[in-house]
Amino acid sequence: MCQSGPVLTSIRSPAGSALTIVDTTYMSCNLIAMTHDNDPIANVSVLSTGSVRIRPEHVGPTRKNTYVWLATSRRWTAPRPINVYVIEHRDGLVLFDTGQDRASVTDPDYFPGGVNGVIYDRLARFEIGREETLSRGLATLGHRPSDVHTAVVSHLHQDHMGGLPELAGAEIVVSEEEWRSMRRPLAAARGFLRDHIELPGLRWRRVTPEPLDDVAPFADGHDLFGDGSLVLLPTPGHTPGSLSMLVRRPGRAPLLLVGDLTYDAGLLAAGEIPGVGNKSQLRRAVADVNALRDRLPGLTVLAAHDPAAAELLASADSVAA
Ligand SMILES: [Zn+2]
Numbered sequence: 116m117c118q119s120g121p122v123l124t125s126i127r128s129p130a131g132s133a134l135t136i137v138d139t140t141y142m143s144c145n146l147i148a149m150t151h152d153n154d155p156i157a158n159v160s161v162l163s164t165g166s167v168r169i170r171p172e173h174v175g176p177t178r179k180n181t182y183v184w185l186a187t188s189r190r191w192t193a194p195r196p197i198n199v200y201v202i203e204h205r206d207g208l209v210l211f212d213t214g215q216d217r218a219s220v221t222d223p224d225y226f227p228g229g230v231n232g233v234i235y236d237r238l239a240r241f242e243i244g245r246e247e248t249l250s251r252g253l254a255t256l257g258h259r260p261s262d263v264h265t266a267v268v269s270h271l272h273q274d275h276m277g278g279l280p281e282l283a284g285a286e287i288v289v290s291e292e293e294w295r296s297m298r299r300p301l302a303a304a305r306g307f308l309r310d311h312i313e314l315p316g317l318r319w320r321r322v323t324p325e326p327l328d329d330v331a332p333f334a335d336g337h338d339l340f341g342d343g344s345l346v347l348l349p350t351p352g353h354t355p356g357s358l359s360m361l362v363r364r365p366g367r368a369p370l371l372l373v374g375d376l377t378y379d380a381g382l383l384a385a386g387e388i389p390g391v392g393n394k395s396q397l398r399r400a401v402a403d404v405n406a407l408r409d410r411l412p413g414l415t416v417l418a419a420h421d422p423a424a425a426e427l428l429a430s431a432d433s434v435a436a
């Protein structure tokens, strides 16, 4: 995105009928802006860095205690995506979540050992092929990791921050609450692998939601570029500082990228919560999202591991708001 490139333009010579080909260099993002008029967002895409199987109780709903199902469940779901959302915004390329690092399946020391290792092993099974890295995924969309202007991470679990080693040129946005939670004791037991997060050379921006008046029932949020098109909303529950991102595009359905607030947009719409996380926070966040949908007809909820997400995004793009 926003790479310079030659544009061949045909013009008629004032002297006669001969056509002259002019080789002019334009910024491709200017062309995007021209074609989308007052919409700063040219395109929203999704790519997946491999796949993950989780326990059906993890997807929920379940009445079982998390530790009970984690210790006893014998079933895995079918493979689910590990989604990265790619937003071509006039001010720069934005990612929502960064996927899972392929090193997590090739490096035996990526995950902690001991009791924590057993928990990680019981929680999820990952498969990440050679072609399923963030860089390769971005390349299929015509982008390089160095094109990324801003990467928002919904939360700091390893399947959302795995692209960080490739994003030294980007600003990494996380909630202040999530950052503080990561710094508290027993981080690894709570899913925060600090050695893979606090990498040298990364530019972090920790945001605290501020009062906003156009995203009710949410009272607070963070307007990423100050134009109202990308607004971060606090949806705690999966982790204390989990964020969602509202994407508003004139003439097209609004999107809400929710990370791991749900694993199934249909369950969220029915008011159901997943089997992991703080249940009262999850219930509140799910109710807030459904109330937001009442105010924003056509709001499409896109989760990180919902097998239906790519199809939901495609239909949201084809339906005018
Ligand atoms: Zn996840």
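Position one of the sequence shown corresponds to residue 116 (the numbering used here), numbered consecutively onward.
Every residue, glycine too, gets a C-beta built ideally from N, C-alpha and C.
- With contacts defined by Cβ atoms closer than 8 Å, P194 and R168 form a contacting pair.
- Straight-line spacing of the CA atoms in R367 and E247 works out to 29 Å.
- By the C-beta criterion, the segment 259 to 270 is judged to be in contact with the segment 286 to 296, since at least 3 inter-stretch pairs fall below 8 Å.
- In the three-state reduction of the DSSP assignment, Y378 falls in the coil class.
- Around the C-beta of S344, 16 or more other C-beta atoms lie within 10 Å, and the residue is accordingly described as buried.
- Contact check for H337 and V346: beta-carbon distance about 7 Å, within the 8 Å limit, so the pair qualifies.
- With a cutoff of 8 Å on beta-carbon distance, V201 and D212 are scored as not near each other.
- For D274, the secondary structure class from DSSP, reduced to helix, strand or coil, is helix.
- Non-local C-beta neighbours of K179 in its own chain, meaning closer than 8 Å and more than five positions away in sequence, comprise E172 and G390, ordered along the chain.
- In the three-state reduction of the DSSP assignment, P369 falls in the strand class.
- Contact annotation: A429 and N405 have beta-carbon atoms that are not nearer than 8 Å.
- For V174, the closest alpha carbon among the candidates R299, D335, G381 and E203 is that of G381.
- Your pair A157 and E203 checks out as a contact, with CB atoms roughly 4 Å apart and the cut at 8 Å.
- The set of residues with a C-beta under 6 Å from any non-hydrogen atom of ligand 1 comprises H272, D274, H275, D375, A419 and H420, given in chain order.
- Beta-carbon to beta-carbon, F333 and D409 are separated by about 13 Å, too far to satisfy the 8 Å threshold.
- Between the C-alpha atoms of L185 and D342 there is a straight-line separation of about 43 Å.
- For R408, the enclosing alpha helix (DSSP H) begins and ends at K394 to R410.
- Counted as a single uninterrupted DSSP element, the stretch harbouring E281 is not any beta strand (DSSP E), since DSSP gives it neither H nor E.
- In the three-state reduction of the DSSP assignment, N231 falls in the helix class, which pools H, G and I.
- Taking one beta carbon from each stretch, the segment 361 to 378 and the segment 302 to 319 have fewer than 3 pairs nearer than 8 Å; the two do not touch.
- DSSP, reduced to helix, strand and coil, places Y200 within a strand of the structure shown.
- Per the DSSP secondary-structure output, W319 pairs in a beta bridge with I287.
- By the Cβ neighbour-count rule, S296 is buried, with 16 or more other Cβ atoms within 10 Å of its own.
- Counted as a single uninterrupted DSSP element, the alpha helix (DSSP H) harbouring G252 occupies residues L249 to T255.
- With respect to P349, P369 sits apart: the two C-beta atoms are not nearer than 8 Å.
- Rounded to the nearest whole angstrom, the C-alpha separation of R237 and Y182 is 11 Å.
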